[in-house]
Amino acid sequence: MADNSKLSPQTLPIDKVKEMKERDFVQLLHEFWDYSLFHGNQMKIHTKPETNPHIAHTSSTALVPTPYSKLAYERTLAIQPIFNKLYHSVATDRDFLIQTLQGLADLDDFMKRYLDIYNKVHSEGISERIYLAINRSDYMCHLGSDVIKQVEFNTMASGAAGVVGRAALWHRYLTGTLLALDNSHIPEHTATSLLARGLIQAWQQYGNEQAAIVLIHNTDEFNLADQRSIQYELLKLNPRIPFMRVVFSTLPTSMTLGEDRRLFIHGKEVAVAYYRYGYSPKHYIDKEELWTVRYNIERSLAVKCPTIGYILAGTKKVQQTLCKPGVLEKYLDERSCALLRETFMAHHSFVKEEGGLETVELAKKNPQNYVMKPQREGGGNNTFGDDIPTKLEALSEDQLAAYTLMEKILPPTNQNYIVSGGEIPDLTEIISEMSIFGALVACDGNIVMNEGAGFLLRSKQRYKNEGDLGRGTSSLDSPWLL
């Protein structure tokens, strides 16, 4: 891996912290913990019902901002509206989704459930009038500082816009006040505002000021600070909007659908149903009635964020298909296609008719060069390196066809202190993943809002494969643009 610390000869935040005496370093950690406590850089702790539900801990965070290419950051920000437009076109192209994904229905029961609802609603002649997409495109720099490659494009429950802004507050305070550096190297964090404005725009298009925006979440939501940040920003922008938080598992008894397809929860009409839960098979275990809930919400007049069409568009199979020659050109102009294609890594299909046998041989011969991905969201699902051959042996030919193989991105390394819990951290080598958020609203076939905003920088120790904030395998970070 390349060393990203040579981006610029200027003094970096990490340099000043590395020079500190042990006593000063410990004092700095206490500054971090206190600042995080009083500025909401917190992750809720899962608790039992009989215990105090209001317990949180400081989010795992990189102590100092990490050097990152300004050129790479500006590129990712510039192409986000193009990706938004692309995925909106894909999500509303029924023929493409069916052609691309129908083969998965016999291989993946979870995908079959989505496709069944998608087809059933279509057969009823129901079509969407208003779309709201809250997306997040994830990247890593590849074989250098300025070359960006896309990890994936998220269309469902795209999280962490709220919490990363809290970490950025600390990094600005640290560098500008405590270290006396020019903290303008940290870009403005505007993603929370973007997501709130997207929700408001969709609510306005619905056309009923008495109808609510409803955030659908888990019972014991660990990512509460992130979700609440969006809620508070939304209500700051427009305090008159009715806003509700509803637990997904309670919807079978609290939700009704009128004959005119208006959706009601606890008797309140719903303008926007914003899913922050319900994206994983485990969210439906022993809860068959929740699939009926999904079907009824999908056929309702409420704006769905996301629709099932958007969920299908966000699958790894679609990502793989979009990398094929000539596919992007169906949706975008030549220049836009070129800009997006520069970010693509090679993807390979395990479907026998699409060269699946050759893909298996590639994966067996050089497993360290690839990542094996199922059609799942939420992190913790991928297979890496030496684990790939074992995974290949464990799956039948049909099961294997539900996966894709992606060439592995090789990001540069940096040094940082990852603060997790109350322990004194050691200096460690890290790699980072940059994400840009997007919001798109379309009404009656016209796009009325299409914007991108950043950032979410997640850093993890270089030897870790998966990077997931919720599982504690990555940490909040901020870019120090050079």
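Just so we're aligned, residue 661 is where the sequence shown starts under this note's numbering, counting upward by one. The C-beta atom is built at its ideal place from N, Cα and C for all residues, glycine as well.
- Beta-carbon to beta-carbon, P1071 and S1092 are separated by about 7 Å, close enough to satisfy the 8 Å threshold.
- Judged by pairs of C-beta atoms under 8 Å, the stretch 1108 to 1117 does not touch the stretch 751 to 758, as fewer than three such pairs exist.
- Taken through DSSP and simplified to helix, strand or coil, V1011 comes out as coil.
- Taking C-beta atoms as the reference points, G1082 and I1096 fail to come closer than 7 Å.
- Residue environment for N1026: exposed (fewer than 16 other C-beta atoms within 10 angstroms of its C-beta).
- According to the DSSP assignment, I925 belongs to the beta strand (DSSP E) that extends over 923 to 925.
- Taken through DSSP and simplified to helix, strand or coil, G867 comes out as coil.
- Nearest neighbour of D993 by Cα position, chosen from Y695, P727, A738, I742, turns out to be I742.
- Counting every other CB atom within 10 Å of its CB across the protein chains shown gives G969 a total of 16 or more, marking it as buried.
- Looking at the DSSP output, C965 shares a beta bridge with Y934.
- Annotation note: the stretch 1011 to 1074 contains the following uninterrupted beta strand (DSSP E) runs of length 3 or greater, listed N- to C-terminal: 1030 to 1033, 1064 to 1067.
- Taking every protein chain shown into account, the CB of K990 has fewer than 16 other CB atoms within 10 angstroms, so this residue is exposed.
- Only exposed fits D920, as fewer than 16 other CB atoms lie within 10 angstroms of its CB.
- A residue is called buried once 16 or more other Cβ atoms fall within 10 Å of its Cβ, and P966 is buried on that count.
- Y774 sits buried, since 16 or more C-beta atoms from the chains shown fall within 10 Å of its C-beta.
- Under the 10 Å beta carbon count, Y1123 is surrounded by fewer than 16 other beta carbons and is classified as exposed.
- In the three-state scheme derived from DSSP, where H, G and I count as helix and E and B as strand, L999 is classed as helix.
- DSSP places T913 inside the alpha helix (DSSP H), whose first and last residues are 911 to 914.
- Beyond the five residues adjoining it in sequence on each side, L854 comes within less than 7 Å, by CB distance, of F1097, A1099, E1111, A1113 in the same chain, given in chain order.
- Relative to the Cα of V1011, the nearest Cα in the group I808, V824, L1060, Y892 belongs to L1060.
- Rounded to whole angstroms, the gap between the alpha carbons of P673 and E734 is 21 Å.
- Of all alpha-carbon atoms in T1064, I739, I945, Q1028, the one lying nearest the alpha-carbon of L1017 is that of T1064.
- Between T981 and T760, the CB-CB gap stays under 7 Å.
- Apart from the 5 residues on each side of it in sequence, P847 sits with its Cβ closer than 8 Å to the Cβ of Y733, G1114, F1115, P1139, L1141 in its chain, given in chain order.
- In terms of CA proximity to S1080, S1134 leads the group R1036, M1032, S1134, A1062.
- F908 places its beta carbon 7 Å or farther from that of G927.
- Short of 6 Å from the beta carbon of N1041, and not among the five residues preceding or following it, lie these beta carbons of its own chain, in chain order: P1034.
- Linking S914 to R954 through their CA atoms gives a straight-line distance of about 13 Å.
- Membership of H877 in the beta strand (DSSP E) is indicated by the continuous run 872 to 877.
- V874 is the residue among V874, E881, L1022, T852 whose C-alpha sits nearest the C-alpha of P902.
- Between the C-alpha atoms of D880 and M703 there is a straight-line separation of about 12 Å.
- CA-CA distance, M1094 to A821, rounds to 12 Å.
- Under the 8 Å Cβ criterion, the stretch 939 to 959 counts as touching the stretch 767 to 784, having at least three qualifying pairs.
- With contacts defined by Cβ atoms closer than 7 Å, V823 and A885 form a contacting pair.
- Just measuring C-alpha positions, the residue of A872, Q887, L923 sitting nearest M904 is A872.
- Under DSSP, H717 forms a beta bridge with M703.
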